[in-house]
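S.K.: Starting off with a structure, shown below.
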Amino acid sequence: MRWLWIIVLIALALPAAVPRKTHRSKPTPRLYGERVPVKLIRTSSSKVRQKIVDTHNYFRSQVKPPAANMLVMKWHPGLAKAAQRWANQCLGLVHDNATGLYLDGFGQSGQNIFITTGRTLWNFPIRMWYMEYKDYKYGDEESNDLHEIGHYTQIAWATSHLVGCGVSHCTGGKGPLGKDFFMYVCNYAPSGNYKGHLGHPYVAGKPCSMCKDHCSRNKLCTNACYYTDLWSNCAELDNVILTLTRQPEIFDRSIHNSGELWTGRVDVRTKLTQVSRFENSARPSCRSFGQPGGVDISRYAGIPIFNKRLETQGIEGFNFEELEDLGDEEFM
């Protein structure tokens, strides 16, 4: 069996955290690199957009414990435009600022970033973000470390019901290893990952039990709020500080007992601005928290990959048959 090696980097624009050293070994999808036609990753294709949405919704329906109020995700052109604009910047592990992440009617959106030296179908980066569930403990507001599980919790955030993504091929050897790379970006609204709520990205319970009259066939709620009420609870508004960062990561090379490891160290140069945070609690299934802090965090994973079926990685509780039903033949 011929071995392939790629470098995958993932990042998330969420409240501040310090990147930790990470080294993982995972197999590639069957389709990777030149085997993946460009048309299968361009979000200008309605089929690609639907695959991105379906993959997000599949993983949202698989959270443990089950979610009583998980909203079904839909594509949002505005989020996609912002994500594509940022991917085109080819800045690697640098996130958009609060202005770039702002979505009219929802405030600042969330953002996931995935970088790879080889082209891959969209459900691979989405799956990589979701796999952080292995380090997550539902209901724990103390020990859950944002920079270890923040990508998962953004995907699993019940009220984040809009998504838009973009990808760009970044040339000129600007990657952390001096190589060309592909930059995958997804923006989410309303944003998730609020301080003090990380242990409860959704309400645990029987699927759709909080939206019994508005339930999809895959047990996700369909009664999302398509606006954000900024003014109904003015008396409860409190001021928070957004730390806005737009700086590159400095990569330190180190040796790990399982092989070479590249780690990210943030060179922080921040500016501060004061904003308001609100909570609209009119209905449980329409609950959304306002504009979050948006400091840069990121993770790096050196990933040796081999061309075998993904079942070989032994993901506990991962239902490949259901995913295959979505038409994700690249997982098989």
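If you read the sequence shown in this note's numbering, its first letter stands for residue 682, the second for the next number, and so on.
We put the CB at the ideal spot given by N, CA and C, even for glycine.
Here the structure is a predicted model, which is why all the values come from computation and not from measurement.
1) Which residues share a DSSP beta bridge with S849?
2) Using beta-carbon positions only, say whether P882 and G788 come within less than 9 Å of one another.
3) Starting from A885, follow its DSSP beta bridges and name the residues at the other end.
4) Does the Cβ of L879 have 16 or more other Cβ atoms within 10 Å, making it buried, or fewer, making it exposed?
5) Do the CB positions of T797 and Y869 come within less than 9 Å of each other?
6) Measuring only the C-alpha atoms, how far is C906 from G859?
7) Three-state secondary structure (DSSP) at Y875?
8) Figure out for me which residue from N825, I807, Q770 has the closest Cα to the Cα of C672.
9) DSSP three-state label for K818, please.
10) Starting from the Cα of W756, find the closest Cα among A768, G714, I830, Q731 and give me that residue.
11) Specify whether the region 777-796 and the region 812-829 touch according to this definition: at least 3 beta carbon pairs, one from each stretch, less than 8 Å apart.
12) Out of F862, L843, S726, which one is the CA nearest neighbour of G786?
13) Sort out for me which residues DSSP pairs V844 with in a bridge.
14) With which residues is C902 paired in a DSSP beta bridge?
15) Tell me the residue span of the alpha helix (DSSP H) that contains G791.
16) Tell me which residues share the same chain as N750 and place their Cβ nearer than 7 Å to its Cβ, disregarding the 5 neighbours each side in the sequence.
17) Quick check on the burial criterion: 16 or more other C-beta atoms within 10 angstroms. Buried or exposed for G877?
M.R.: From the atom records:
1) For S849, which the question treats as bridged, DSSP gives the partners M864.
2) Going by beta carbons, P882 and G788 fall outside the 9 Å limit.
3) Under the DSSP definition of a beta bridge, A885 partners with A748.
4) With 16 or more Cβ atoms within 10 Å of its Cβ, L879 is classed as buried.
5) No; because the gap between Cβ atoms is not below 9 Å, this pair is not in contact.
6) Taking the Cα positions, C906 is about 44 Å away from G859.
7) In the three-state scheme derived from DSSP, where H, G and I count as helix and E and B as strand, Y875 is classed as coil.
8) Here the chain covers residues 682 to 1013 and nothing more, so residue 672 does not appear.
9) Here K818 carries a coil assignment [DSSP, helix/strand/coil].
10) The shortest C-alpha separation from W756 is found at Q731.
11) The region 777-796 is not in contact with the region 812-829.
12) Put simply, of F862, L843, S726 the residue whose alpha carbon is nearest the alpha carbon of G786 is L843.
13) Beta-bridge pairing links V844 to W756, Y869.
14) Looking at the DSSP assignment, C902 forms a beta bridge with L752, C896.
15) In the DSSP assignment, G791 falls outside any alpha helix (DSSP H) and within the unbroken beta strand (DSSP E) covering 791-797.
16) Closer than 7 Å at the Cβ level, and outside the excluded window around N750, lie A839, Y883, V884, M891, C892, C902, P965, S966.
17) Burial is judged here by how many other beta carbons sit within 10 angstroms of a residue's own beta carbon; G877 has fewer than 16 and is exposed.
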